[in-house]
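> Line by line, the protein sequences give chains G and D. Just so you know, the first sequence maps onto residues 282 to 392 in the numbering used here. Just so you know, the second sequence maps onto residues -5 to 110 in the numbering used here. Beta carbons: idealized from backbone N, C-alpha and C, even for Gly.
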Amino acid sequence: DQQVKQNSPSLSVQEGRISILNCDYTNSMFDYFLWYKKYPAEGPTFLISISSIKDKNEDGRFTVFLNKSAKHLSLHIVPSQPGDSAVYFCAAREAGNMLTFGGGTRLMVKP
Amino acid sequence: GAGVSQTPSNKVTEKGKYVELRCDPISGHTALYWYRQSLGQGPEFLIYFQGTGAADDSGLPNDRFFAVRPEGSVSTLKIQRTERGDSAVYLCASSLLKNGFNYGYTFGSGTRLTVV
Chain G
282 DQQVKQNSPS LSVQEGRISI LNCDYTNSMF DYFLWYKKYP AEGPTFLISI SSIKDKNEDG
342 RFTVFLNKSA KHLSLHIVPS QPGDSAVYFC AAREAGNMLT FGGGTRLMVK P
Chain D
-5 GAGVSQTPSN KVTEKGKYVE LRCDPISGHT ALYWYRQSLG QGPEFLIYFQ GTGAADDSGL
55 PNDRFFAVRP EGSVSTLKIQ RTERGDSAVY LCASSLLKNG FNYGYTFGSG TRLTVV
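1) Considering only the alpha carbon of each residue, which of V368/G, N378/G, E375/G, T381/G lies closest to M389/G?
2) Identify each residue in the segment 339 to 356 of chain G for which the Cβ-Cβ distance to at least one residue of chain D is less than 9 Å, and report them in chain order.
3) What does DSSP give as the partner residue(s) for G47/D in the beta ladder?
4) On the three-state DSSP scale, how would you describe R298/G?
5) Can you tell which of P55/D, G53/D, L71/D has its C-alpha closest to the C-alpha of A61/D?
6) Quick check: what's the CA-CA separation for E8/D versus V109/D?
7) When you compare the CB of Y84/D with every CB in chain G, is at least one pair closer than 8 Å?
8) Tell me which residues of the segment 49 to 71 of chain D have at least one Cβ-Cβ distance to chain G shorter than 9 Å, keeping chain order.
9) For the candidate residues G341/G, D305/G, S366/G, T344/G, whose alpha-carbon lies nearest to that of P392/G?
10) Taking E14/D as part of the beta strand (DSSP E), name the residues at either end of that continuous run.
11) Can you name the residues of chain D whose CB is closer than 7 Å to the CB of E296/G?
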């Protein structure tokens, strides 16, 4: 039973446009959500996070939105750049410290 | 070191053999985590150490998998009688836990294990 799902395995966007990556979860006990970015042969690197008490967090070109009633979060990247091409993982934490990850979305930003 | 170091970066082993994967966390990080990432999937939790003890090992798939962190720093993930299904990238992460708050994970680059 996947508690965190990323239903789009891949996304292709033109440079300069907005990228929207989506994530759904089922566990209402998750209290913190994170997005990680992963390049080939490297470990995931932290991108942005949001607490369950907020509905938006912004950091430069990256914004994460949380809709608790829908158990849905999304990552917006605007404007998208070719260097943003990577696999993006959504992750959620419940009380303890282990993270539950989604399956990832491969973002390709075309010049 | 500056980041989380994992060795080896690649390991090819024959089915049935024993392997050890090493993780050297960021100095001062009290918590250490092992995850496994199979092809096309997200990382899956295996085990988490707080200091020297395993605080949560609920993700270990079976008793062929074992991990230690004897001095509260370096950790070794041990896999006995390896099977082809164990092939994956094994990721280690460390974090600073202070006053009950987790100041975020830093992942290593992983060990790609291939069982042939």
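On the basis of the coordinates in this document:
1) As a working note, residue 389/G is residue 108 in the first sequence. Comparing Cα positions, the closest option is V368/G.
2) none
3) Numbered from its first residue, the second sequence carries residue 47/D at position 53. Answer by DSSP bridge pairing, in chain order: Q44/D.
4) Position 17 of the first sequence holds residue 298/G. Of the three classes helix, strand and coil, the one that applies to R298/G here is coil, per DSSP.
5) For the purposes of this step, residue 61/D is taken as residue 67 along the second sequence, with counting starting at 1. That would be L71/D, whose Cα lies nearest to the Cα of A61/D.
6) Translated into positions along the second sequence, residue 8/D becomes position 14. Translated into positions along the second sequence, residue 109/D becomes position 115. Cα to Cα, the separation comes out at about 5 Å.
7) Against the second sequence, residue 84/D aligns to sequence position 90. No, its Cβ sits nowhere closer than 8 Å to a Cβ of chain G.
8) A49, D50, S52, G53
9) Here residue 392/G is taken as the residue at index 111 of the first sequence, counted from 1. Checked all of G341/G, D305/G, S366/G, T344/G; the closest Cα to P392/G is S366/G.
10) For the purposes of this step, residue 14/D is taken as the residue at position 20 of the second sequence. For E14/D, the uninterrupted beta strand (DSSP E) segment begins and ends at 13 to 18.
11) Position 15 of the first sequence, counting from 1, holds the residue named residue 296/G. Under the 7 Å cutoff, chain D gives no residues; its nearest Cβ is about 26 Å from E296/G.
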